[in-house]
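Trainee: Provided herewith is a single structure, encoded as structure tokens, for subsequent inquiry.
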Amino acid sequence: SGVVEAVGSDVTRVKVGQRVSGEGHIVGQKSRAARAGKFHLDPETKGIGVNITGAFAEYVKIPAFNVVPLPDDVPDEIGAILDPLGNAVHTALQFDLVGEDVLVTGAGPIGIMAAAVARHVGARHVVLTDINPDRLKLAEGVVRNLRTVNTADEDLKVVMAELKMTEGFDVGLEMSGAAPAFNQMLDSLVMGGKVAMLGLPSKPIPVDFGKLVLKAVTLKGVYGREMFETWYKMLAMLQSGLDVSGIITHRLPANDFQEGFDAMRSGKSGKVVLDWT
């Protein structure tokens, strides 16, 4: 997030001095997906900081189309994490969660924020699994009424019984990309359960297709954020009480970026925000 320093001669949507965030996917206009308004699925997409140089600097240039004005009641540091929050929101909202029991596998920052979104929109039980005790402890401070499970030493089935879940989870949000977590999720779903998958595995995961078929499981891969429906929804949720500020564990001057990278590599941090002012 930041403040607009300059605009092109034809730009009227945003003004110099305005507080904004930005969508980092630069999309084309020729593909079927783009022409249908499904910009996040455009095969011509280029990512700032991935295919296009930028983002890790004091200034960045993006199309006016990608600029998202920040409401006055959304702080700058939250504006700085709207990209990963958008991943969490887009994943969590793939299926109706009202009154449902939701299993989130993977307690990285995006998984934790997805659990917070599930709680905010009306899920009944929200359970988050991981094998990293530091991340699970962080999650408990971010998400209210969250049940965390360290699957290295706790039985998920026992937890389900404690919660009086007689059939299984209605919806799974797979954020880890880990084979054991995914397979445990399949075992823990109700008949007709649904899974939204954002986590990227480091290698192909063997899948029991018989289990998918016989349990009538719906699997849905998730990519990025919807441009710009996800942005509208996450800003509205932030304005209506969604609080993910606890996911920011490190606030550092930009020159201390190495400390931020070290914190990330430790596996104990949440989001790291650098201040360029």
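All you need for my numbering is the position in the sequence shown, starting with 1, plus 291.
Positions of the beta carbon are idealized from the N, C-alpha and C atoms, including for glycine.
Since G308 and V294 are thought to touch, with beta carbons under 8 Å apart, how far apart are those beta carbons, to the nearest angstrom?
Mentor: Here residue 308 is taken as the residue at index 17 of the sequence shown, counted from 1. Here residue 294 is taken as the residue at index 3 of the sequence shown, counted from 1. The Cβ separation is near 6 Å, so the contact holds.
Trainee: Under a Cβ-count criterion, where at least 16 other Cβ atoms within 10 Å of its own Cβ denotes burial, should N546 be classed as buried or exposed?
Mentor: On the sequence shown, residue 546 is found 255 positions in, with the first residue counted as 1. Flag for N546 reads exposed.
Trainee: Do L529 and I369 come within 9 Å of each other at the CB atom, strictly closer than that value?
Mentor: Indexing the sequence shown from 1 puts residue 369 at position 78. Indexing the sequence shown from 1 puts residue 529 at position 238. For I369 and L529, yes; Cβs fall inside 9 Å.
Trainee: Please go through the segment 400-450 and give each complete alpha helix (DSSP H) segment of 4 or more residues, from N-terminal end onward.
Mentor: List check, alpha helix (DSSP H) in window: 400-411 and 424-433.
Trainee: Taking contact to mean 3 or more Cβ pairs, one atom from each stretch, closer than 8 Å, check whether the segment 501-515 and the segment 526-541 are in contact.
Mentor: Judged by Cβ distances under 8 Å, the segment 501-515 makes no contact with the segment 526-541, as fewer than three pairs qualify.
Trainee: Within 10 angstroms of its Cβ, does T303 collect 16 or more other Cβ (buried), or is it exposed?
Mentor: On the sequence shown, position 12 is the one that residue 303 refers to. Exposed: under 16 other Cβ atoms inside 10 Å.
Trainee: Going by alpha carbons, who is nearest to D534 out of I339, A346, R556 and V433?
Mentor: Translated into the one-based positions of the sequence shown, residue 534 becomes position 243. Of the candidates I339, A346, R556 and V433, the one whose C-alpha sits nearest the C-alpha of D534 is V433.
Trainee: Go through the segment 470-525 residue by residue and report every complete run of the beta strand (DSSP E) that reaches 3 residues or more, in order.
Mentor: List check, beta strand (DSSP E) in window: 480-488 and 509-512.
Trainee: Do you know how far the Cα of P362 is from the Cα of A487?
Mentor: Residue mapping note: residue 487 aligns to position 196 of the sequence shown, counting from 1. Residue mapping note: residue 362 aligns to position 71 of the sequence shown, counting from 1. Each residue's Cα considered, the two are about 29 Å apart.
Trainee: Count the other CB atoms within 10 Å of the CB of K524; is the residue buried (16 or more) or exposed (fewer)?
Mentor: For the purposes of this step, residue 524 is taken as the residue at position 233 of the sequence shown. The residue is buried, with at least 16 neighbouring Cβ atoms inside 10 Å.
Trainee: Between V418, I538 and E391, which has its C-alpha nearest I412's C-alpha?
Mentor: Here residue 412 is taken as the residue at index 121 of the sequence shown, counted from 1. At residue 412 the sequence reads Val, which differs from the Ile that was named. Residue E391 is the option with its Cα nearest to V412.
Trainee: Could you tell me the boundaries of the alpha helix (DSSP H) in which V380 lies?
Mentor: As a first step, residue 380 is located in the sequence shown; it is residue number 89 there, counting from the start. Taken as a continuous stretch (DSSP letters only), the alpha helix (DSSP H) holding V380 covers L373 to A383.
Trainee: For A443, which residues from the same chain have a beta carbon less than 6 Å from its beta carbon, with the 5 sequence-adjacent residues on both sides left out?
Mentor: As a working mapping, residue 443 is identified with position 152 in the sequence shown. Closer than 6 Å at Cβ, skipping near neighbours: I422.
Trainee: Excluding five sequence neighbours on each side, which residues of the same chain lie with their C-beta closer than 6 Å to the C-beta of D333?
Mentor: Taking the sequence shown and counting its residues from 1, one reaches residue 333 at position 42. Result list for D333: V318, G319, S322, A324 and A325, in chain order.
Trainee: Mapping DSSP to helix, strand and coil, what is E368?
Mentor: Along the sequence shown, one-based indexing puts residue 368 at 77. Reduced to three states, the DSSP call for E368 is helix.
Trainee: K485: buried (16+ other C-beta within 10 angstroms of its C-beta) or exposed?
Mentor: As a position in the sequence shown, residue 485 is number 194, starting the count at 1. With 16 or more Cβ atoms within 10 Å of its Cβ, K485 is classed as buried.
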